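The C-terminal position of the sequence shown is numbered 411 in this note's numbering, with every residue numbered one higher than the one before it. To start, the structure itself, in structure tokens.
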Amino acid sequence: MGLGLSDATRSALAATGLEPAGLADVLSRALAEDLPAASGLGVDATSAATVPADLVATGRIVSRARGVVAGLPVAAAVFEAVAGRTVEVTLTAADGDRVEPGDEVLRVRGPVRGLLTAERTALNLLCHLSGVATGTRAWVDAIAGTGAAVRDTRKTMPGLRALEKYAVRAGGGVNHRMSLVDAALVKDNHVVAAGGVAAAFAAVRGAFPDLPVEVECDTVEQVAEAVEAGADLILCDNMSTDELRAAVALARPTGVLLEASGGLTLAVAADVAATGVDYLAVGALTHSVTALDLGLDLALDTQGKRSH
């Protein structure tokens, strides 16, 4: 990744499925927000002034709340990118683990200057991704046993889509398309522009015959039209549970998948899933996430100093 990472951290990141170059870019830009090259300083001014260069400590990242953790290898990469090979990082939990207040999730030992410089960037990413995973797990738990899955959307923070969608997976959800080229999604404005559901579907299928085509429908009548046209998946937007059951009755014999979307809440999640739809689309997993509260607690080495 070009960040001077240990073999253990590289291996942990590889297991996430995140694309190395993209992740390196995110981390580099995140670190540059705290250490902008244009400043000419290149160091954390407070830590450089107050912390002896050879002071060593062990830090524990601990959860302050109940939730699901995600992004631990990413946080490890931040500490190693800042403090170099002198830092030792141990993951004491795994992404997707449920945590309680007081649970340790990561331990890091190294020069205090480096740990404090990396602290906020590591926690910004870890708390945010853990918030995504925590929110996702709540939805997954709410529809457990129904056969439906919770799915994310493209309503992600710019530049963080791959990380946020990884956190959705860590929370037990599944991903919708990563970009506009993975699948075609015919929405209401496309239908207006093309002159109807069938016309919009035919236009996409004609232009991109090998691309999966999904169609958003507002009514059961549109669902019937999309099924007849040959859609691979239908998004049932803002439909009642009665309408969803009718849509399932139309689509199920043909093998067309159905996704409920629009205005869903945890309070109605189980009822919506029980209609027989395959997916619940939840944009809030990423666009309205509440960060999980995690913090770094430092303990100086008994000698107080000496980095070697």
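For each residue, glycine too, the CB sits at the ideal point set by N, CA and C. These numbers come from a predicted model, not from an experiment.
Leu217 vs Thr239 beta-carbon contact at 9 angstroms:
For the record, residue 217 in the displayed sequence is Gly; it is not Leu. For Gly217 and Thr239, no; Cβs fall outside 9 angstroms.
Boundaries of the beta strand (DSSP E) in which Gly398 is found, first to last residue:
For Gly398, the uninterrupted beta strand (DSSP E) segment begins and ends at 397-403.
What three-state label does DSSP hand Glu317 in the structure shown?
In the three-state reduction of the DSSP assignment, Glu317 falls in the strand class.
Hey, how far is the Cα of Leu388 from the Cα of Asp374?
If I take the Cα positions, the gap works out to 19 angstroms.
Cα-Cα separation, Val323 to Ser364
For Val323 and Ser364, the distance between alpha carbons rounds to 14 angstroms.
Do Leu412 and Asp198 have their C-beta atoms closer together than 9 angstroms?
What the structure shows of the chain is the stretch from 104 to 411, and residue 412 is not part of that stretch, so it cannot be assessed.
Which residues in the same chain as Tyr382 place their Cβ atom closer than 6 angstroms to its Cβ, once the five residues preceding and following it in sequence are excluded?
For Tyr382, where only same-chain residues beyond five positions count, the Cβ hits under 6 angstroms are Ala252, Arg254, Glu362.
Relative to the C-alpha of His66, which residue among Asp244, Pro315, Phe304, Gly250 is closest?
Only positions 104 to 411 of the chain appear in the structure, and residue 66 is not among them; the question remains open.
Residues in its own chain within less than 6 angstroms of Ala179 by CB, not counting five upstream and five downstream?
Residues Thr112, Val192 of the same chain have their beta carbon placed closer than 6 angstroms to that of Ala179, with the five preceding and five following residues left out of the count.
Opening and closing residue of the alpha helix (DSSP H) in which Val300 lies
First-last of the alpha helix (DSSP H) with Val300: 300-310.
When the distance is taken between beta carbons, is Val129 closer than 9 angstroms to Ala265?
Contact flag set, yes.
CA nearest to the CA of Leu213, picked from Ala354, Phe182, Ala332:
Residue 213 is actually Gly in this sequence, not Leu. That would be Phe182, whose Cα lies nearest to the Cα of Gly213.
Alpha carbon to alpha carbon, how far is Ala148 from Ala402?
For Ala148 and Ala402, the distance between alpha carbons rounds to 21 angstroms.
So, using beta-carbon positions, are Glu328 and Ala301 closer together than 9 angstroms?
The Cβ atoms of Glu328 and Ala301 sit closer than 9 angstroms to each other.
Take the Cβ of Asp206 as the centre, count every other Cβ of all protein chains shown within 10 Å, and call the residue buried at 16 or more, exposed below.
Buried.
Assign Gly162 to one of three DSSP states: helix, strand, or coil.
Strand at Gly162.
Exposed or buried, Gly170, counting other C-beta atoms within 10 Å across all chains shown (16 or more means buried)?
When all chains shown are included, Gly170 counts as buried.
Just how far apart, CA to CA, sit Ala376 and Arg272?
A straight line joining the alpha-carbon of Ala376 with that of Arg272 spans about 19 angstroms.
With DSSP as the reference, please indicate the residues paired to Ala287 in a beta bridge.
Partner residues in the beta bridge of Ala287, as assigned by DSSP, are Val316.
Mapping DSSP to helix, strand and coil, what is Leu116?
In this structure, Leu116 counts as helix in the three-state DSSP scheme.
Measure the alpha-carbon distance for Lys258 versus Leu232 and round it to whole angstroms.
Using only the alpha carbons, I get a separation of about 15 angstroms.
Cβ neighbours of Thr237 in the same chain (closer than 6 angstroms, five flanking residues each side left out)
Gly170, Val171, Leu395, listed in sequence order.
Leaving out the 5 sequence neighbours to the left and right, which residues in its chain are closer than 6 angstroms to Arg412 when beta-carbon positions are compared?
Within the shown structure, residues of the chain are numbered from 104 to 411, placing residue 412 beyond reach of any answer.
Taking the alpha carbon of Ala354 as the reference point, which residue from Gly299, Leu338, Ala297, Leu369 has its own alpha carbon closest?
Closest by alpha carbon: Leu338.
Report the start-end ranges of each beta strand (DSSP E) in the region 159-199 that is 3 residues or longer and not cut off at the edges.
Runs found: 159-166, 191-194.
Rounded Cβ spacing between Gly107 and Arg188 (contact assumed at less than 8 angstroms):
With a Cβ gap of about 7 angstroms, Gly107 and Arg188 count as contacting.
Can you have a look at Glu317 and say buried or exposed, based on whether 16 or more other CB atoms are within 10 angstroms of its CB?
The residue is buried, with at least 16 neighbouring Cβ atoms inside 10 Å.
How big is the Cα-Cα spacing for Val202 and Pro312?
For Val202 and Pro312, the distance between alpha carbons rounds to 46 angstroms.
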